[in-house]
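Following: one structure in structure tokens, then a few remarks.
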DNA sequence: ATAGGGTTAG
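In the UniProt record's numbering, the protein residues as written are 1 to 545.
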């Protein structure tokens, strides 16, 4: 049934998509899942066709299928939202609250707050929420966008959206702030409301961890003092947080002493404690110590977990040798542990780092056989190392394998590749950079201004032109992330230059004031970007970027 | 989606 869909749904005039052809080969003979099929279909279709497909009675939409599809489209936010909206008008399917939450998340990541709040309003109108989870998402997105104050405001106004605050949501906002390295802000909020929400051990653990994350272990200790003062007992989690905190701050000796104290105080040391030790000693190069802890934990009655193995494998790769990591890898498998994506990723990274690209690719294939598909991090690692080795073609090959729907590239992927295009600075490379830039913008990733300018500079210098779709042009003409109101990283102002866009090659600058409506008649435009510099920068003469 | 342990870069 879906195969039929695939055929009939193919657009008559498929838009030429550069670089990212749909995967014309499949690496595994097994049948891709339904959501994978759908994601590919959605990526290829234009809005009109898409409506037909999505509203077709042949597809039996369920909340689960919608959630999975949204997840597949995660790295193409605009498409994901388009999909969600079209399905929202389906004659006999209605979105679940979890799908709404996903959509809210995506809108938030796109920093499309208008859509975000529209979704929230719609949720409420349908009595599906918004719930605590929705607010966890919204606040996290605001914090990630560099707007922690806005996030706090949203938390404080939750009840106005029909979702009263409680200890859980209080702990959530604290955690969101702490994880974003805003321990100070979290602590201030904590001090104001700890009485009202009856802060518990979890609240204190969250804040302590927040201080540890920014390497301020003394503040964490101080907070634990407050905790005890108020009659709350630290838990094993609390101790594990501190232990990790010492390692993170480079206080290895203190970490070990702290661990000895834990033992002395008859703490029930668990696998998390041991994993922290293995990792902590390993990253500072104390491989023997890491191994010793690893070997001794079983004697203490604690079995390693996959995470413990991952920690050991990682540090062996980094500070010892990949060969020894291989031994541990095989050992863990022979003991019946199932390596997960992280295991493969740390291992593949190790192989890449030791210049073993071929073996890295072999392991990537081995993953697929083991129901453990490579994720975007896996691809990024391999792409990064190919780029570093100057094997740009190979990097692009791997990139193309990411294809459409199975594992879409993310912001890192684009950044890594675009940077790599400026190594050789051949005109072809710069052209690829231009195409990548347009594609990333198309998919809802805002390049940093540095990236944006660099690519435009490159194109200008080489005189290469890039085909661009009209919808993309809107975004290209809109500000970069740093220029958005309230700022991405905040506070930058004043562009380095003004950009003017001309239609090329047949239009002269005098015709630059072409109206947008005139462009709309064409499928694609070839544009040439010309820049006017403020100040003295003169790139054309010395021909350098 | 309430807290702690494995992935990521000089």
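Cβ coordinates follow ideal geometry from the N, Cα and C atoms, glycine included.
The structure displayed is predicted, hence computed values, not measured ones.
- Residue 142 holds the alpha-carbon nearest to the alpha-carbon of residue 110 among 142, 130 and 129.
- Nearest in C-alpha terms to residue 101, of all of 123, 88 and 87, is 123.
- Taken in chain order, the whole alpha helix (DSSP H) runs of length 4 or more contained in the segment 223-278 are 236-248 and 252-264.
- Counting along the chain, residue 148 sits inside the alpha helix (DSSP H) bounded by residues 148-156.
- Per DSSP, reduced to three states, the secondary structure at residue 64 is helical.
- Short of 6 Å from the beta carbon of residue 132, and not among the five residues preceding or following it, lie these beta carbons of its own chain, in chain order: 169.
- Taking residue 116 as the centre and dropping the five residues before and after it, the same chain places the C-beta of 104, 107, 108, 138 and 141 closer than 8 Å to its C-beta, in chain order.
- Here the alpha carbons of residue 340 and residue 47 stand approximately 37 Å from one another.
- Around the beta-carbon of residue 327, fewer than 16 other beta-carbon atoms lie within 10 Å, marking it exposed.
- In summary, residue 250 is exposed, with fewer than 16 beta-carbon neighbours lying within 10 Å of its beta-carbon over all protein chains present.
- For residue 364, the uninterrupted alpha helix (DSSP H) segment begins and ends at 357-369.
- Closest option to residue 95, judged by alpha-carbon separation, among 39, 78 and 119: 119.
- Here residue 271 is actually not in contact with residue 316; their C-beta atoms are around 19 Å apart, not less than 8 Å.
- About 6 Å separates the beta carbons of residue 382 and residue 352, which is inside the 8 Å limit, making them a contact pair.
- For the 8 Å CB-CB criterion, residue 319 and residue 282 form a contact.
- Taking the C-beta atoms as reference points, residue 375 is found no nearer than 8 Å to residue 343.
- If you ignore the 5 residues before and after residue 33, its C-beta comes within less than 6 Å of no other C-beta in its own chain.
- The Cβ atoms of residue 255 and residue 243 sit closer than 8 Å to each other.
- For residue 161, the secondary structure class from DSSP, reduced to helix, strand or coil, is helix.
- Straight-line measurement puts the Cα of residue 403 at about 24 Å from the Cα of residue 52.
- Between the alpha carbons of residue 444 and residue 219 lies a gap of roughly 39 Å.
- Burial check for residue 121: the Cβ neighbour count within 10 Å stays below 16, so the residue is exposed.
- Taken atom to atom, the span from the alpha-carbon of residue 264 to that of residue 155 is near 41 Å.
- Non-local beta-carbon contacts of residue 386 in its own chain, meaning distances under 8 Å to residues more than five positions away in sequence, involve 357, 392, 394, 395 and 398 in chain order.
- Look at residue 407 here: in three-state DSSP terms it is coil, with no helix or strand label.
- Going by C-alpha positions, residue 60 is about 38 Å away from residue 415.
- The three-state secondary structure of residue 387, taken from DSSP, is helix.
- The alpha carbon of residue 112 has as its nearest neighbour, out of 417, 286 and 446, the alpha carbon of 446.
- Contact between the segment 190-207 and the segment 145-153 is not established, with fewer than three Cβ pairs separated by less than 8 Å.
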